[in-house]
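As structure tokens, the structure follows; a few thoughts come after it.
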Amino acid sequence: MMNKMKRTAAFLMLLMMAGSCGDENTPGTPGPNTNSQTNNNVATNNVDCKPSAGGVEICDGIDNNCDGNTDEGFNVGGECVVETGVCKGTGVYQCSSTGIEAVCSVAAPAVETEICDGIDNNCDGEIDEGFDVGTVCTVGVGECAVEATIQCGDDGGSACDAIPGDPGDDELCDGLDNNCDGEIDEGFATLGDACDVGVGACLASGTVICAADGSDVVCDAVAGTPSADELCDGIDNNCDGTIDDGWDELGTACTSGQGVCMVAGMRVCDGGESTKCDALALVPQVASELICDNLDNDCDGQVDEGCDDDGDGYCDQTFANMGGTVCTKGSNDCNDMVAAINPAAIEICDNIDNNCNNAVDDQPSDGVTYYLDCDGDTFAAATPNGVFGCAAPATSVAMTSCNGASTATWTDTAPMGGNIDCVDTNADFRPNQTAFFTTSGNPTGNVQPFDYNCSNVIERFDSDVFTGNINDPCPVGTYDFINNRCSAPATATAWAGSLPACGVNAIYTTCSNYTRSGSTFNCTSSTRTAAAKVQSCH
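Residue 1035 in the numbering used here sits at position 406 of the sequence shown, with consecutive numbering throughout.
Printed below as a string of structure tokens:
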């Protein structure tokens, strides 16, 4: 076979390198099956032979290499056998269609059904295919299982060649099928379930597993170590089976928040070493108190704070007073920081709205009524009303009211009784005037000319006169003790018994010494002097 393969390779190489020898036959076409020295390509004396197929002998019935032999090396005509498994046929070798080799003339034998018997029954080149002979197999279950290999049986089939073991008496909890019934650890229904050990804070979770001896199941968790003290946290810290024992205030009533934000609840644990109220205080609707109503509206623990900061019983005017007990006297306190300022306060002259009526210094208790004084002599004419206030109106107002008089001003002396200015256009005319005047005429509107002191009586400076000649005694009449004199006309016939008119020039006798007898006054001649002068009045 090896020589045939070598020849085949050499033949293919020569085909590639060389051309045909030019014989009439086509390479690859099988020639006659003969070993004769004479053929289509060889003359008797081998002189006319022409090499073909590159001079390499192939199986084609031609002496391709002109050596006098045809198809040498291919055993053409020799006996051959075709055998596959139990299938076998006999024939002779003949050239193939390619000329590369000789093939047996016998066709493939018929096949049978393959059975497991160590023979290739179907002549496919495989023995006992489909029966898994030699593979590992197991018979029995659980602890009865035996491992072996698959072998052919007497019936042409295959089977595992092991015998299962005997089952045990009882199923244990050990992860094995002890009784060989196909189930593992049956009878232990809680195996693999979640489980707990311990109570309270000592509680530990685990899984149900088999006990060490396999007789039962146990929880694989380990309980924790209890705490020395019980906390108020909803946990049984000391693992005595009671939660939060010792905290007696739990569940008692409580409140959270203040004022209108207060909400009722119960005492609960705060998760540690104390309790807390479970109520959630409301959120205040205002940042500060805005009404006086006996409620803590801003939830700061104070009721109506800011309503009456000065403690005068009146509510701050910025608050709405709803009848709170803090502001018992009402509301509208315009300055809640000063107790003396409130709606019931007395207005005084201090440039402050003391009684909270939105007016400053109006009708003050210490106010003054000011009257128009056109001549500036501190007395006013008889007028029904003045201007009441803490200060006199502006001088410009007085000047306007007095027709532009530059002397115009205001006075706080009320024009009543003897304080009425009878001539308010001339400062010489005023109540309590003590000066005497000789000239003035009769000012307009004055009922008495020369009534400078507004007494409605004309009072002459020289009150007594003589009714006789200069040597006569003073007449019966009023004696002016202050001026210490009596006066008489220049002649005995002048003003008999009357005083000279105001402003009139007359002769007066002035006595520096006198005698009196009853109502008669006598001047001593040694002190009499006679002189002319004008009668002055006030």
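For each residue, glycine too, the CB sits at the ideal point set by N, CA and C.
Distance check for P680 and K635, CA to CA, integer angstroms please. Note that K635 scores a pLDDT of 39, beneath 50, so its modelled location is shaky; the value from the coordinates is reported in the next line. Computed Cα separation, rounded: 20 Å.
Mapping DSSP to helix, strand and coil, what is L998? The amino acid at residue 998 is misidentified as Leu; the sequence shows Thr. It is a strand residue.
For the alpha helix (DSSP H) containing V1026, list its first residue and its last residue. 1024–1030
Below 8 Å between beta carbons: does that hold for G794 and G769? yes
How long is the line joining the alpha carbons of L643 and G697, rounded to whole angstroms? Since pLDDT at L643 reaches only 39, below the 50 mark, its modelled position is unreliable, and the value read off the structure follows with that caveat. Going from the Cα of L643 to the Cα of G697 covers about 20 Å.
Reducing DSSP to helix, strand and coil, say where E772 ends up. It is helical.
As assigned by DSSP and simplified to three states, the class of D868: Note that residue 868 corresponds to Cys in the displayed sequence, not to Asp. Coil at C868, not helix or strand.
Collapsed DSSP secondary structure at A682 in the structure displayed: It is helical.
Between the segment 1004–1021 and the segment 1054–1071, do at least 3 Cβ pairs fall closer than 8 Å? The segment 1004–1021, when compared against the segment 1054–1071, does touch it at the 8 Å Cβ threshold.
Near D746, which residues of its chain fall below 8 Å by C-beta distance, leaving aside the five closest residues on each side in sequence? D757, C781, G785
From S917 to C956, what does the alpha carbon distance come to, in whole angstroms? Going from the Cα of S917 to the Cα of C956 covers about 17 Å.
Unbroken alpha helix (DSSP H) runs of length 4 or more, entirely within the segment 804–887: which are they? Those alpha helix (DSSP H) runs which fall completely within the segment 804–887 and span 4+ residues do not exist here.
Report yes if the C-beta distance between C863 and I872 is below 8 Å; otherwise report no. One detail in the question is off: residue 863 reads as Gly in this sequence, not Cys. Their beta carbons are under 8 Å apart, which means G863 touches I872 by this criterion.
I want to know whether the segment 796–806 touches the segment 841–851 - three or more CB-CB distances under 8 Å. yes
By a C-beta neighbour count over all protein chains shown, 10 Å radius and 16 as the cutoff for buried, is D962 buried or exposed? With 16 or more Cβ atoms within 10 Å of its Cβ, D962 is classed as buried.
Using only the alpha-carbon positions, how far apart do A1020 and A988 sit? One C-alpha to the other measures close to 15 Å.
Outcome for V1052 when other beta-carbon atoms lying within 10 angstroms are tallied against a minimum of 16: buried
Flag this pair as yes or no: are the beta carbons of D982 and D938 separated by less than 8 Å? no
Taking its Cβ as the centre, do 16 or more other Cβ atoms sit within 10 Å of C1166, making it buried, or is it exposed? buried
Residue from A774, V775, I748, G827 with nearest C-alpha to V762: I748
So, for P993: in the same chain, excluding its five sequence neighbours on each side, which residues have a beta-carbon less than 6 Å away from its beta-carbon? Answer for P993: E976, I977, C978, C1019, listed in chain order.
C-alpha distance - A910 paired with T904, whole-angstrom precision: 16 Å
So if DSSP puts S787 in a beta bridge, which residue, or which two residues, is it bridged to? C781
Only counting the same chain, and skipping five residues up and downstream in sequence, which positions put a Cβ closer than 6 Å to that of C985? Counting only Cβ-Cβ distances below 6 Å, and skipping sequence neighbours, we find N961, C963, P972.
On the CB-based measure, 16 or more other CB atoms within 10 Å of its CB, does A823 come out buried or exposed? Exposed, by the Cβ-count rule.
Sequence-distant residues of its chain with Cβ nearer than 6 Å to G1015 (five each side left out): T998, Y999, Y1000
Put D1016 into one of helix, strand or coil per three-state DSSP. Checking the sequence shown, residue 1016 turns out to be Val, not Asp. Strand.
Give me the Cα-Cα distance between N704 and S725, rounded to the nearest whole angstrom. Distance from the CA atom of N704 to the CA atom of S725, rounded to whole angstroms, is 12 Å.
Could you spell out the range, first to last residue, of the beta strand (DSSP E) harbouring G959? 959–962
Name the two residues that bound the continuous beta strand (DSSP E) containing Y1081. For Y1081, no beta strand (DSSP E) run applies, since DSSP gives it neither H nor E.
Can you tell me which of E859, C883, C716, P796 puts its alpha carbon nearest to the alpha carbon of D753? The shortest C-alpha separation from D753 is found at C716.
In the structure shown, what three-state DSSP assignment does P661 receive? Below a pLDDT of 50, predicted positions are generally treated as unreliable, and P661, at 40, falls in that range; the measurement from the model is reported next regardless. Reduced to three states, the DSSP call for P661 is coil.
Cα separation between Y722 and D692? 18 Å
Which term fits D858, buried or exposed, when burial requires 16 or more other beta carbons within 10 angstroms of its beta carbon? Only exposed fits D858, as fewer than 16 other CB atoms lie within 10 angstroms of its CB.
Determine which residues share a DSSP beta bridge with G950 and list them. In the sequence as presented, Gly is not what sits at residue 950; that position holds Asn. Bridge partners of N950: C921.
Tell me the residue span of the beta strand (DSSP E) that contains G894. In the DSSP assignment, G894 falls within the unbroken beta strand (DSSP E) covering 892–898.
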